[in-house]
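Residue numbers (the UniProt record's numbering): 1 to 317.
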């Protein structure tokens, strides 16, 4: 079934008219973590920078090598996240020593990338779902839907942690970010968790990064701090920072998190502000109808192109 441009515009106008009613802006309530939210705890006092997690991530996600030239040689050693690297270990000097920090998607409790995404291509798994008792359910993992994305890259601008990356040189570019190895859930369902362990957590020889329910990881982080206050910075990064994250961090005593590349964020989620801005066009009855029509057209076109490409590849086999 094909959609004519005339029908597309008629549908967009009708949809725009339905929502182009002046509304009063209301402050959005603070979003709490889902009861079964999963995530990771990274303890920088345990990491030795072996980067086994980087290699495991590449293999598990079938990502190509990220070749870097240094000291006359070529190494698979990316220095930042990019379209072929979802997880990276960075070194930060501190006095006579250095500390290592693991960077990947933070899976924020109230993510700005989701808030600024106009068509919902980015969303939290389980958002809006409830079980038969009416209780919220879901892992809270921030996922990306390739069929809905139009490549606007607002998520890159909205993310306080500079995480989402774009495949600039692909015919059908994707947004690349950690999704906690969600593709492995059907391959390994042992244990009580809703998803399989991410590859990075399985290979760490020091257990510097562990996977679990956010509430359990937070309790474990606080237990470690209380058990050895001389070892740790008392703050658990991600408990409240930026509205909270599902990836939590511990740092050594005397080391500040901004010295490890993590931004200083207020407890209020940035998504509260970005969402109010993205909804601003509706406050005065102004709806970007032409924009929505164009985006719908792009989605339909991209889907057809990719399906045609897939059929072409199958025909060559």
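Backbone N, C-alpha and C define an ideal beta-carbon position, used for all residues, glycine too.
Since this is a predicted model, take the numbers as computed values, not measurements.
Within 7 Å, strictly: CB atoms of residue i and residue j
i: residue 105; j: residue 178; result: yes
i: residue 77; j: residue 199; result: no
i: residue 141; j: residue 107; result: yes
i: residue 154; j: residue 116; result: yes
i: residue 82; j: residue 146; result: no
i: residue 144; j: residue 122; result: yes
i: residue 44; j: residue 219; result: no
i: residue 53; j: residue 204; result: yes
i: residue 101; j: residue 260; result: yes
i: residue 249; j: residue 238; result: yes
i: residue 267; j: residue 240; result: yes
Bridge-paired residues (DSSP) for residue i
i: residue 158; result: Note: residue 158 sits in no beta bridge, so no partner.
i: residue 106; result: In DSSP, residue 106 forms no bridge with anything.
i: residue 175; result: 166
i: residue 144; result: 122
i: residue 82; result: 85
i: residue 210; result: 41
i: residue 248; result: 41
i: residue 90; result: 101
Alpha-carbon to alpha-carbon, residue j and residue i
i: residue 184; j: residue 80; result: 24 Å
i: residue 34; j: residue 229; result: 29 Å
i: residue 265; j: residue 161; result: 10 Å
i: residue 93; j: residue 41; result: 22 Å
i: residue 36; j: residue 262; result: 25 Å
i: residue 158; j: residue 258; result: 19 Å
i: residue 269; j: residue 148; result: 25 Å
i: residue 55; j: residue 62; result: 10 Å
i: residue 224; j: residue 182; result: 28 Å
i: residue 30; j: residue 111; result: 12 Å
i: residue 171; j: residue 163; result: 22 Å
i: residue 95; j: residue 201; result: 29 Å
i: residue 46; j: residue 232; result: 11 Å
i: residue 67; j: residue 180; result: 24 Å
i: residue 173; j: residue 91; result: 30 Å
i: residue 103; j: residue 139; result: 20 Å
Min CB distance residue i to chain C below 7 Å
i: residue 252; result: No chain C appears in the structure shown, which is made up of a single protein chain.
Closest by C-alpha distance to residue i, when choosing among the options
i: residue 51; options: 31, 39, 87, 62; result: 87
i: residue 64; options: 270, 45, 85; result: 85
i: residue 32; options: 137, 54, 118; result: 137
i: residue 196; options: 176, 232, 212; result: 212
i: residue 246; options: 258, 158, 209, 259; result: 209
i: residue 38; options: 268, 232, 236, 214; result: 214
i: residue 168; options: 182, 151, 180; result: 151
i: residue 156; options: 175, 47, 171; result: 175
i: residue 48; options: 89, 66, 67; result: 89
Burial state of residue i, where buried means 16 or more other Cβ atoms lie within 10 Å
i: residue 244; result: buried
i: residue 226; result: exposed
i: residue 271; result: buried
i: residue 254; result: exposed
i: residue 97; result: exposed
i: residue 126; result: buried
i: residue 221; result: buried
i: residue 234; result: exposed
i: residue 256; result: exposed
i: residue 236; result: buried
i: residue 124; result: buried
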